[in-house]
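Each residue of the sequence shown is one higher than the one before, counting from 512 in my numbering.
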Amino acid sequence: MGARRGRGADIIHSQPTLNFVAGFLGRSALARWSRVLRRAQVPRSPCRCLRPARSQPLLCSSSLQRVSVSSAARRLPEPESLSYAEYLRLCEEARRHDVLYYKDHPAPEIADEEYDWLVAFIVEAERLHPEWQLSSESPSLRVGGAQPGARFPQAPHLRPLLSLNNTYQWSEVESQAVRISRLATAEHDGEEYSGSVAPFCVEPKIDGVALSLVYEDRQVARAVTRGDGSIGDVVTANVLEGNITGIPRQLSRRADIPQLLEVRGEVFMPLEVFSRLNRERSTAGLPLLSNPRNAAAGALKLLNAKAVGERQLAFVAYDAWPFVLAKSQFELLSVLGDLGFAVPVFARRCSSVAELRRAVNEFVSQRAQLPYQADGVVLKLDAIVAREALGATAKAPRGAFAYKLPAANAVTTVSAIRIQVSRSGVLTPVADLAPVQIGGVTIAHATLHNFGEVQRLRVCPGDVVALERSGDVIPKITKVVSSASGNARDAVLEPPVACPACGARTARRDEDGIAVYCPNFATCPPQVLGRLVHFASKNAMDINGLGVRTCAQLLDAGLARCPSDVYDLRTGDIVGKVDGFAARRAENLLHSIEASRRQPLDRVIRALGIPGVGQTHAATLARIAGSMSGLLDLSESLRQNPRRYPELGEKSAALIAAFLGRDEVRQEIRALMAKGVQPRYRTEPKDSTRQHPLSGQRIAFTGTLSSMSRGEAEHAARTCGAVVRSAITKKLSFVVVGDAAGAKKTKAAELGVRTVSEEEFLALLGLS
512 MGARRGRGAD IIHSQPTLNF VAGFLGRSAL ARWSRVLRRA QVPRSPCRCL RPARSQPLLC
572 SSSLQRVSVS SAARRLPEPE SLSYAEYLRL CEEARRHDVL YYKDHPAPEI ADEEYDWLVA
632 FIVEAERLHP EWQLSSESPS LRVGGAQPGA RFPQAPHLRP LLSLNNTYQW SEVESQAVRI
692 SRLATAEHDG EEYSGSVAPF CVEPKIDGVA LSLVYEDRQV ARAVTRGDGS IGDVVTANVL
752 EGNITGIPRQ LSRRADIPQL LEVRGEVFMP LEVFSRLNRE RSTAGLPLLS NPRNAAAGAL
812 KLLNAKAVGE RQLAFVAYDA WPFVLAKSQF ELLSVLGDLG FAVPVFARRC SSVAELRRAV
872 NEFVSQRAQL PYQADGVVLK LDAIVAREAL GATAKAPRGA FAYKLPAANA VTTVSAIRIQ
932 VSRSGVLTPV ADLAPVQIGG VTIAHATLHN FGEVQRLRVC PGDVVALERS GDVIPKITKV
992 VSSASGNARD AVLEPPVACP ACGARTARRD EDGIAVYCPN FATCPPQVLG RLVHFASKNA
1052 MDINGLGVRT CAQLLDAGLA RCPSDVYDLR TGDIVGKVDG FAARRAENLL HSIEASRRQP
1112 LDRVIRALGI PGVGQTHAAT LARIAGSMSG LLDLSESLRQ NPRRYPELGE KSAALIAAFL
1172 GRDEVRQEIR ALMAKGVQPR YRTEPKDSTR QHPLSGQRIA FTGTLSSMSR GEAEHAARTC
1232 GAVVRSAITK KLSFVVVGDA AGAKKTKAAE LGVRTVSEEE FLALLGLS
């Protein structure tokens, strides 16, 4: 509950991709692109981020300037039309806002609601382009929290302190609850629940700071912030000397309290205290506190522990480990209250979808009376053992999720309809709108998804339209309220016959016939730039110093029109032609480029930007191909039989075959090989006599592994060719059993399915 709440938005405006590039390069570079702009008939005015109004705050990192979201310049490209370069820039911006939000003295430049929009936008782009999802870049794979700092000692968490997945539509609440209930049923020997869903506990989603309290022999031993989810800052002195209410220093002598007990909850500043402190600060002429959450976060990290007490912070507990105090979440809250902890003032146990709806409606009616900020509810599978048995992803538990309150609506006018070009070449119509406030956020554009949607809505410039922030995140036009030209709809935008970025003749995707795209793979600027940035990115070739801005300048100067060109760069090519590069910095870049020649095969494959190929598929392709030359041979093999490698999936195999079969791609692979990029897979798995022992095995996991998380173990197994299942059936090859194994272990024994220990599993992976 204490993590920054999931999804959000701000930053880059959504003019055509070339204007986006110009926004990074500055006004001088825009002139150098003028020929392309004229040919494509793209508006020549530079991005607004080049000329912000005097009153508008800049959201800057380094020298890049962007206008605040609330400044009527929210112009994000739509997820469908986002280029990879733009995606990376959004990820960088999300990380920057995370640092601002989670640092010792928070100074966020955007509201939580706007940040939520940004992350949801990134998540939607990753759903459309799964190959983009890079664990070190994407906020969807990072636990929300600050990196442990240098001002406080650090300590590891007894178990990962994760974030929560967010849901924004009531229909998603129902489907999530049903899905989790079914998973819980499978985990517990087919037990059926009497209601439409398993029992859930509904609690407020408090906007505070997550805190872990560790008790040893019933005494507070340490208090640790979330940090990165694995390690946090130790703030024990601030918690104890700051007299944070709701935290008992010593627990009662109940027989069921273990020697080591961790209690988790949320530190917050009560709304009444926040208002009073700001009145006092205003009278004294001091800067006002920005919001209760930031005030709490800053107070918790004060170096003077006694000064924490002046902020009058409070704590609400919602979790405890080991799971011995209670069998259900609802019961646990009662037990924690008996032990002296403050617990949520609102909690309901629900055993049906109807009861869930009533509980949420009740929460909405009571929210204004809560002593803290809360923007939604958390729904947890009530049975604690069943919930924990479902495990977690790298970011969030599978047995709990948050529901944020429904969308807001508004009416506004369409000022223009323009076309964006994505990295993959897809053309997407976007409506520019008269800026309108929805839920405290200024909306200035909305996606029209595709040209079929434009025809369905019959929307034209000048029309008055109904606008919805779908799930309080993505703006969407739902209907035309009043047309500017009556029934004369000749002005409805038709799919362009030429790409607005390069002028190439457009085509339609075979699979749906709706998506219009630019087939100019080789020279369309947004596509070329996207491939170059992706190639150099951290989880690909990891070329330090070759970011979006530098790539764009190299492309503009004609120094790098494809990834292999970077291996021809010399110091003299860079100095004087790329802004900000003196000889020393150019040499560092060239050193990083040289080091990238030694990257392993899976990273090189990932760097090629093959559609649908992320970290997992890249590792699988490396195992199958064995070398760069093997990758060239793989195209024909997959084309003839896309089912040959079931671990890839038939659809992905077809996309991979088509991409690797392109002349431009094959030339690029050969060019990389000629320039010294010739990695080989270390175990040469193309030899069928050396097939991995896990290949083709059907396996499941139960219990906790000490060497890795459940998600990491499943990923490692899949990479080696195994098929991972969640349910225990006779068809399984074996079950990997960790500590505190549950009902799955018993069921495996009943069905006669072999079990292996963690050590045996590591041996099969070749890690022991």
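For every residue, glycine included, the Cβ atom is placed at its ideal position computed from N, Cα and C.
Rounded Cβ spacing between residue i and residue j (contact assumed at less than 8 Å)
{"i": "Leu1004", "j": "Pro940", "result": "6 Å"}
{"i": "Ala1047", "j": "Ile1054", "result": "4 Å"}
{"i": "Leu1142", "j": "Leu1171", "result": "7 Å"}
{"i": "Cys1029", "j": "Ala1015", "result": "5 Å"}
{"i": "Thr1213", "j": "Ala1260", "result": "No, Thr1213 and Ala1260 are not in contact; Cβ-Cβ is about 11 Å, not under 8 Å."}
{"i": "Val720", "j": "Ala807", "result": "5 Å"}
{"i": "Val708", "j": "Val864", "result": "6 Å"}
{"i": "Val774", "j": "Phe841", "result": "The Cβ separation is near 17 Å, so there is no contact."}
{"i": "Ala605", "j": "Pro641", "result": "No, Ala605 and Pro641 are not in contact; Cβ-Cβ is about 18 Å, not under 8 Å."}
CB of residue i within 8 Å of CB of residue j, strictly
{"i": "Ala942", "j": "Val970", "result": "yes"}
{"i": "Asn1280", "j": "Leu811", "result": "Past the edges of the chain, shown from 512 to 1279, lies residue 1280, and the structure says nothing about it."}
{"i": "Ile930", "j": "Pro1007", "result": "yes"}
{"i": "Tyr1156", "j": "Ile1135", "result": "yes"}
{"i": "Ser1163", "j": "His1128", "result": "yes"}
{"i": "Pro781", "j": "Ala825", "result": "yes"}
{"i": "Tyr1192", "j": "Ala1106", "result": "no"}
{"i": "Gly1041", "j": "Arg934", "result": "yes"}
{"i": "Pro710", "j": "Phe874", "result": "no"}
{"i": "Val1077", "j": "Ala1071", "result": "yes"}
{"i": "Leu968", "j": "Ile949", "result": "no"}
{"i": "Pro925", "j": "Val992", "result": "Position check: residue 925 holds Val in this sequence, whereas Pro was assumed. No, they are not a contact pair."}
{"i": "Tyr883", "j": "Phe779", "result": "yes"}
{"i": "Glu1175", "j": "Ser1218", "result": "no"}
{"i": "Val1246", "j": "Arg1209", "result": "no"}
Exposed unless 16 or more other CB atoms sit within 10 angstroms - verdict on residue i
{"i": "Asp974", "result": "buried"}
{"i": "Ile1116", "result": "buried"}
{"i": "Pro667", "result": "exposed"}
{"i": "Val532", "result": "The pLDDT assigned to Val532 is 33, lower than 50, so where the model puts this residue is not dependable, and the model offers no usable value."}
{"i": "Thr1200", "result": "Per-residue confidence for Thr1200 stands at a pLDDT of 33, beneath the threshold of 50, marking its modelled position as unreliable; the derived number appears in the next sentence. Flag for Thr1200 reads exposed."}
{"i": "Gln730", "result": "exposed"}
{"i": "Arg765", "result": "exposed"}
{"i": "Val464", "result": "With the chain represented from 512 up to 1279, any question about residue 464 goes unanswered, as that position is not in the structure."}
{"i": "Gln1038", "result": "buried"}
{"i": "His956", "result": "buried"}
{"i": "Asp744", "result": "buried"}
{"i": "Gly848", "result": "exposed"}
{"i": "Ile758", "result": "buried"}
{"i": "Thr1131", "result": "buried"}
{"i": "Ile717", "result": "buried"}
{"i": "Val1361", "result": "The question about residue 1361 has no answer here: the residues shown for the chain are numbered 512 through 1279."}
{"i": "Glu899", "result": "buried"}
{"i": "Pro664", "result": "exposed"}
{"i": "Ala1228", "result": "buried"}
DSSP three-state assignment for residue i, whether helix, strand or coil
{"i": "Arg1016", "result": "strand"}
{"i": "Pro1036", "result": "helix"}
{"i": "Glu1147", "result": "helix"}
{"i": "Ala1254", "result": "helix"}
{"i": "Phe1092", "result": "coil"}
{"i": "His608", "result": "helix"}
{"i": "Cys1301", "result": "This structure cannot settle anything about residue 1301, because the visible part of the chain is limited to 512 through 1279."}
{"i": "Arg860", "result": "strand"}
{"i": "Ile755", "result": "coil"}
{"i": "Ala542", "result": "Since pLDDT at Ala542 reaches only 39, below the 50 mark, its modelled position is unreliable, and no value is offered."}
{"i": "Asn1031", "result": "coil"}
{"i": "Ser1103", "result": "helix"}
{"i": "Gly488", "result": "Because the chain in this structure spans residues 512 to 1279, residue 488 falls outside the shown range and cannot be described."}
{"i": "Phe841", "result": "helix"}
{"i": "Gly887", "result": "strand"}
{"i": "Asp830", "result": "strand"}
{"i": "Thr1240", "result": "coil"}
DSSP bridge partner residues for residue i (one or two, in chain order)
{"i": "Lys1281", "result": "Outside the modelled stretch of the chain, which goes from 512 to 1279, sits residue 1281, for which no answer is possible."}
{"i": "Thr678", "result": "Tyr914"}
{"i": "Ala666", "result": "Gly743"}
{"i": "Gln1189", "result": "Paired residues: none, contrary to the question."}
{"i": "Tyr726", "result": "Val731 and Leu772"}
{"i": "Asp1076", "result": "In the DSSP output, where bridge partners are listed per residue, Asp1076 has none listed."}
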